[in-house]
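A quick write-up on the structure given underneath.
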Amino acid sequence: MSGLFERFFDPVAFLLVFGGTGLAVIVQATAADARRAIAALRPLLRARPEEDGRTAERAVRQIQRISEYKGIVCADRVKTPVDFVRRAACRLAEADGSETFAAWARDDLDDRRARHEGAIRLWRSASEIGPAMGMIGTVFGLVAMFARMHDVAAMGPAMATAMLTTLYGLFIAFVIAGPIAARLERLSRAELHWQERVIGRLEILARQEDDAIRQWRSRRFAQSA
2 MSGLFERFFD PVAFLLVFGG TGLAVIVQAT AADARRAIAA LRPLLRARPE EDGRTAERAV
62 RQIQRISEYK GIVCADRVKT PVDFVRRAAC RLAEADGSET FAAWARDDLD DRRARHEGAI
122 RLWRSASEIG PAMGMIGTVF GLVAMFARMH DVAAMGPAMA TAMLTTLYGL FIAFVIAGPI
182 AARLERLSRA ELHWQERVIG RLEILARQED DAIRQWRSRR FAQSA
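Residue numbering for the sequence shown is 2 to 226, as defined by this note's numbering.
Shown next as structure tokens:
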């Protein structure tokens, strides 16, 4: 096993490809995107957007029921483990009207979408840069190999470096960064889908509350006239 590891590990090739890819990605990305890309690794395997969506749907139904009896000012009394729904319920209860809530919802979803896209873009960029760094390493290795053609024994290490840099670049693209970017993109789409659905239903509640308030004011005005 150790012999196999030694055969496929070249510190120079590893540093060139992995280090070069990391440096190029960091130069391209913002510090915030880099932090989010690393932080996204934590929920990569633990995130369950479908389950979160079902839990959110149950919480929204509870919000609808409590709003029918006590008004949306009591929406924040609903307990749910889903942080997004908790925040949305609090905003709904505190909002001056449906327009205020809708504006907050749009801003929050746009900000969330931008954060997701930043992290995905970084991993996607790494999957594209990795093979390019591998090709650069291959060129270096071939140049070193041709420079040592007078010594056949010295050509072997240079050829190995040339081949391994290509292997490392493909490994980054198709085993590490590419799959991570694809999964994060799928998780992001699924999460934003149920969050938009939740916001849509809460906006309907807010508009219904606005209509009820307008009708109540109209009746009061008619009675006092």
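We put the CB at the ideal spot given by N, CA and C, even for glycine.
Beta-carbon spacing of residue i, residue j below 7 Å
{"i": "Val18", "j": "Thr162", "result": "no"}
{"i": "Val86", "j": "Ala103", "result": "no"}
{"i": "Asp34", "j": "Gly119", "result": "yes"}
{"i": "Ala90", "j": "Ile64", "result": "yes"}
{"i": "Asp77", "j": "Ala94", "result": "yes"}
{"i": "Glu186", "j": "Ile121", "result": "yes"}
{"i": "Ser68", "j": "Arg208", "result": "no"}
{"i": "Ala32", "j": "Trp124", "result": "no"}
{"i": "Thr56", "j": "Val83", "result": "yes"}
{"i": "Phe48", "j": "Leu188", "result": "A quick correction: the sequence has Ala, not Phe, at residue 48. Cβ atoms of Ala48 and Leu188: closer than 7 Å."}
{"i": "Ala145", "j": "Ala159", "result": "yes"}
Where residue i falls, given that 16 or more other Cβ within 10 Å makes a residue buried
{"i": "Glu210", "result": "buried"}
{"i": "His151", "result": "exposed"}
{"i": "Leu46", "result": "exposed"}
{"i": "Pro12", "result": "exposed"}
{"i": "Ile205", "result": "exposed"}
{"i": "His194", "result": "exposed"}
{"i": "Gly20", "result": "exposed"}
{"i": "Ile181", "result": "buried"}
{"i": "Val26", "result": "buried"}
{"i": "Ala30", "result": "buried"}
{"i": "Ala241", "result": "There is no way to answer for residue 241, as the model of the chain reaches only from 2 to 226."}
Residue i Cβ short of 6 Å to the ligand MG heavy atom set
{"i": "Phe19", "result": "The ligand MG is not part of the structure shown, which contains no ligands of any sort."}
Cut-off 6 Å between Cβ atoms - residues of its own chain near residue i, not counting five sequence neighbours on either side
{"i": "Glu192", "result": "Pro50"}
{"i": "Ala155", "result": "Arg149"}
{"i": "Gly72", "result": "none"}
{"i": "Asp53", "result": "Val83"}
Chain-order list of residues whose beta-carbon lies under 7 Å from that of residue i (same chain, five-residue window excluded)
{"i": "Ala183", "result": "none"}
{"i": "Gly135", "result": "Val18, Thr166, Thr167, Tyr169, Gly170 and Leu171"}
{"i": "Ala41", "result": "Ala120 and Leu185"}
{"i": "Ser92", "result": "In the sequence as presented, Ser is not what sits at residue 92; that position holds Arg. Excluding sequence neighbours, Arg92 sits near Phe102 and Trp105."}
{"i": "Val199", "result": "Ala57, Val61, Val86 and Ala89"}
{"i": "Arg202", "result": "Val61"}
{"i": "Thr22", "result": "Ala127, Ile130, Gly131, Met134 and Ile173"}
Own chain, CB closer than 8 Å to residue i, minus 5 neighbours either side, in chain order
{"i": "Phe9", "result": "Leu165 and Leu168"}
{"i": "Cys75", "result": "Ile67, Ser68 and Ala94"}
If you scan the stretch 11-52 from start to end, which runs of the alpha helix (DSSP H) of 4 or more residues do you find wholly inside it?
12-15, 21-29, 32-40 and 44-47
Would you check if the stretch 168-188 and the stretch 120-129 touch, i.e. whether three or more CB-CB distances between them fall below 8 Å?
yes
Let me know the beta strand (DSSP E) ranges lying completely inside the stretch 153-214, each 3 residues or longer, listed in chain order.
none
Length at least 4, wholly inside the stretch 90-154: the alpha helix (DSSP H) runs in chain order:
99-148
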